[in-house]
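Protein chains in written order, with this note's numbering: chain F, 14 to 353; chain Y, 14 to 353.
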């Protein structure tokens, strides 16, 4: 077997992470082509890639096209790439809720890959880490309700936002300067919180909050779950955290939940007695650069028989985006869905 | 009338804020005495106070003693001060749940001041801002359930923690140094989150999370409310934020909730259409140095008939501590409970 010809479309924070993840994949690769709005060179993990301008004909001969770009790149080129024979794994929100597009987290619903029509959508970062943690519990007892409050890092917005958090923080600390510059967000993010991710709908929910509802329904194949979320941007460079509360049909004790999650794929439970803090728990600085979804603060609700709390942390650029996309390709390879 | 002799016990972040708030109160004041572990001088708002060592006899002749110090100071001296004739308003957690100690937020349960026995407890910061926002809604319809996820600033830990966030952030940004120093918290807080405030109980809840449950029950006189919380420390200097979800007995629409809260004392609703962000909302940088509790992101749960979201932000040193304590004194003065 010769290996796959891969195209990576977009070289922002996620595109770069894709190249990093691809350098570690077990997937047989023949060639990696990098496409973006304009041609230039990028260096990732010591390897230099010449970036070519994204054009329809660039997808000829491509087996797998990983779209890490803007909604606009996906709108313009994803279906074109499929037409030219590529399997497209798209990180944008463009096609996620379309009926004939599987929305897949390999640990959760790999079987949805079997009915793909050339285009597979990668879910939103905050959804991915939540469903990875909830699926093993759902398999034990159906989940009726989910409440989530998120603490989302700036890397989810892109490289500009990372630079902005750094610059705003320095201005504030070193020059005691009132920060005026805001490119990535409508307001200052340094030493602040912005309770808005995406745009508002008529009900007052943001698009990020609605993604967590609609994508979770689709991935778990259960539109009956009552899901509600508040999504908040926090001054953390990388890794999203989520305070998630669920109500299950049957009672799952905290100890049983810990056991179930310890055995589950892609999860690391951090919830032990600890001399330093009384009890260990995951934090963004622990998850940075890691593949697992970290779960801690697992506890029952003393007032509600079937209520359970989880604290879920993951690297939003890796498991929340690039890693999940490559894992989709790996799973399709394993299932013989890539035609080689 | 000659005005009250006031003692402030403790000159940490809250003690200093107390002196600031006292410089703005309408309460008639004869003298302000500052007590702490060791004698020294402090300057607040351009005025210099000589701090004297806290001793039992220092409370002779004091009308109102505002304890802003450690649990230890309250344990050692609060009841002693009452014995010597002072009204004690205590900011520590020491006496909050005692049966004969009123736990008061003046906008919420001022009538509890009437049965005081000399000692009044000031609630925990995260509880105060939540009950200020919830009480007007509770008066419209009983609240059955409360879910809270908090985003708490380092100023709640004290002055050391403010310095630590600053130093850790600088080390990280300027020297790209792996931060080892942690005095205020078990782990680094700069560009990180710590999902632990206080110590853990056997069920895996932290003391801060339990305060939000037990203090809210006591203040609202309703131990039936099913309350559950996750409390998280965030890299913000000042002002706590909370994502709060409630279920009421009768449906309250988002628009009605906004109307109720706009008319309520001590609250400022920030929840309007906004050209900058689509919709305005409160943030920590807005609440800093302000007296009001700010509420936004008011929205109904599309899946649950009587579910309502709120985003609540307040200056935890002011309304969450010092201001509330002084407002208690002002309310007692109004009610003729201060004996002058």
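Every residue gets a Cβ at the ideal spot worked out from N, C-alpha and C, and that includes glycine. The structure presented is a predicted model; accordingly, all values stated were derived computationally and were not measured.
Asked	Found
With 16 other Cβ atoms within 10 Å as the buried cut-off, status of residue 188(Y)	exposed
Rounded C-alpha distance that separates residue 304(Y) from residue 326(Y)	11 Å
First through last residue of the alpha helix (DSSP H) which encompasses residue 337(F)	336-347
DSSP state of residue 283(Y) mapped onto helix, strand, coil	coil
Given residue 100(F) as reference, the closest of 73(F), 198(F), 85(F), 147(F) once Cα atoms are compared	73(F)
Residue 129(Y), buried or exposed, once every other Cβ within 10 Å from all chains shown has been counted against 16	buried
Residues from the region 191-215 of chain Y in contact with chain F, defined by Cβ distance under 8 Å	199, 200, 201, 204, 205, 206, 207, 208, 209, 212, 213
Contact list for the region 316-327 of chain F against chain Y, Cβ threshold 9 Å	316, 317, 320, 322, 324, 326
Nearest-angstrom beta carbon gap, residue 114(F) and residue 79(F) [assumed within contact, 8 Å]	No, residue 79(F) and residue 114(F) are not in contact; Cβ-Cβ is about 15 Å, not under 8 Å.
CA nearest to the CA of residue 125(Y), picked from 109(Y), 284(Y), 139(Y)	109(Y)
Inter-residue CB distance, residue 31(Y) and residue 339(Y) (contact presumed, cutoff 8 Å)	7 Å
Within chain F, the residues that residue 151(Y) reaches when beta carbons sit closer than 8 Å	Residues of chain F passing the Cβ test: none, with the nearest at roughly 17 Å.
Positions along the region 241-260 of chain Y whose CB lies within less than 7 Å of some CB in chain C	In the structure shown, chain C cannot be found, because the protein chains are F and Y.
7 Å CB neighbourhood of residue 118(F) in its chain, flanking five on each side removed	136, 141, 144, 145, 232, 337
Assigned secondary structure, residue 91(F) (DSSP; H/G/I helix, E/B strand, else coil)	helix
Contacting positions in the region 285-306 of chain Y - beta carbon closer than 7 Å to chain F	289, 290, 291, 292, 294, 296, 297, 298
Counterpart residues of residue 49(F) in DSSP-defined beta bridges	66(F)
Spatially closest choice to residue 261(Y) from 182(Y), 293(Y), 25(Y), 320(Y), by CA coordinates	320(Y)
Residues that DSSP places opposite residue 326(Y) in a beta bridge	254(Y), 307(Y)
Exposure label - residue 237(Y); buried when at least 16 CB within 10 Å	exposed
Rounded straight-line distance, which links the Cα of residue 122(F) to that of residue 351(F)	18 Å
Touching by the beta-carbon criterion (3+ pairs, under 8 Å), the region 206-216 of chain F and the region 292-310 of chain Y	yes
Residues near residue 162(Y) by beta carbon distance below 6 Å, same chain, minus five either side	243, 256
8 Å contact criterion, which residue 306(Y) and residue 332(Y) should meet: CB distance rounded	6 Å
Rounded separation between residue 312(F) and residue 67(F) - CA only	49 Å
Residue closest to residue 193(Y), alpha-carbon to alpha-carbon, out of 181(Y), 285(Y), 96(Y)	181(Y)
Cβ neighbour criterion (16 or more within 10 Å) applied to residue 17(Y)	buried
Residue of 167(F), 222(F), 220(F), 219(F) minimising C-alpha distance to residue 195(F)	167(F)
Nearest neighbour of residue 297(Y), chosen from 64(F), 148(F), 245(F), 330(F) [CA to CA]	245(F)
In DSSP terms, what residue 245(F) is bridged to	164(F)
Within-8 Å CB hit, residue 217(F) to chain Y	yes
Beta-carbon neighbours of residue 179(F), restricted to chain Y and to distances below 7 Å	186
Backbone CA spacing between residue 95(F) and residue 271(F) [nearest angstrom]	42 Å
is_contact[residue 116(Y), chain F] using C-beta, thresh 8 Å	no
Proximity winner among 86(Y), 208(Y), 76(Y), 278(Y), relative to residue 97(Y) (alpha-carbon distances)	76(Y)
Pairwise C-alpha distance: residue 27(F) and residue 344(F)	20 Å
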